[in-house]
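J.: Residue numbers (this note's numbering), protein chains in the order written: chain A, -2 to 115; chain B, 23 to 106.
From the three backbone atoms N, C-alpha and C, an ideal C-beta is built for every residue, glycine too.
Note that this is a predicted model, so its numbers are computed, not measured.
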Amino acid sequence: MQRKGGSRRGLPGADADLVSATFRGTMTKLTQWLWGLALLGSAWAALTMGALGLELPLPCREVLWPLPAYLLVSAGCYALGTVGYRVATFHDCEDAARELQSQILEARADLTRRGLHF
Amino acid sequence: MATGTDQVVGFGLVAVSLIIFTYYTTWVILLPFIDSQHAIHKYFLPRAYAILIPLASGLLLLLLVGLFITYVMLKSRRATKKAQ
């Protein structure tokens, strides 16, 4: 009996089976990422080891084998650049900062007057 | 806009990441397609280093993070021991 995904709700119990979870479309983000990585990784491995039997030209092979390291480094650079950009373009509110500092001092003075020790 | 050192640090990080990205892209993606007699090849290390340098720096980063965590944990344990 074949199970169709998505249309049959109310299946009993928590189904932990990965394949049927895929059919039901309830894969978590982690499993989606792992599937994607596994697919890309196996494609890369098959191409680099020549398992598919295609004779790629030498420059293409030279580019292909460091590709995972390259993707990691460029992801790291993107993260670093985005963080730096957001730090540089963050909107400072000088007036609000000064007002907040003065309110903090005021609150401290008030509380010490009432007997709370810092 | 942020002011003073924030801007300097922020744009400095952007510049560093762009430099690293362009150098690494040229090294990994563009060099294999350039004739091996061209003068540009003398500015780049042998290709094996394109994997070794990021790997070594990644491991170094993990080491530093581990050391930092160890240091913080020891300090907090010494603080609780002194409080007892």
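#1: Out of B/Tyr71, B/Ala70, B/Thr48, point me to the one whose CA is closest to B/Ile62's CA.
#2: Indicate whether A/Leu53 and A/Leu61 have their beta-carbon atoms separated by less than 9 Å.
#3: Given a cut-off of 9 Å on the beta-carbon distance, is the pair A/Ala72 and B/Val36 in contact?
#4: Can you pull out the residues from the stretch 53 to 66 of chain B whose beta carbon lies closer than 7 Å to at least one beta carbon of chain A?
#5: State the Cα-Cα distance for the pair B/Ala72 and B/Gly88, rounded to the nearest angstrom.
#6: Quick check on B/Phe33: does DSSP put it in helix, strand or coil?
#7: Which word fits A/Gly3, buried or exposed, when buried means at least 16 other C-beta atoms lie within 10 angstroms of its C-beta?
#8: Could you give the first and the last residue of the continuous alpha helix (DSSP H) run that contains A/Leu53?
#9: What would DSSP say about B/Ile42, mapped onto helix, strand or coil?
#10: So which residues on chain B does A/Ser71 lean against when the C-beta distance must stay under 8 Å?
T.: A quick look at the data gives this:
#1: When each option's Cα is compared against that of B/Ile62, the closest is B/Thr48.
#2: A contact, by the Cβ cut-off of 9 Å.
#3: Not a contact, by the Cβ cut-off of 9 Å.
#4: Closer than 7 Å at the C-beta level to chain A, one finds these residues of the stretch 53 to 66 of chain B: Pro54, Phe55.
#5: Straight-line Cα distance between these residues: approximately 25 Å.
#6: Residue state for B/Phe33 is assigned as helix, using DSSP reduced to three classes.
#7: Only weak support exists for where A/Gly3 lies, its pLDDT of 48 falling under 50; the value from the coordinates is given anyway. It counts as exposed.
#8: Element bounds for A/Leu53: n/a, residue is neither H nor E.
#9: Helix at B/Ile42.
#10: The answer, in chain order, is Phe43, Tyr46, Thr47.
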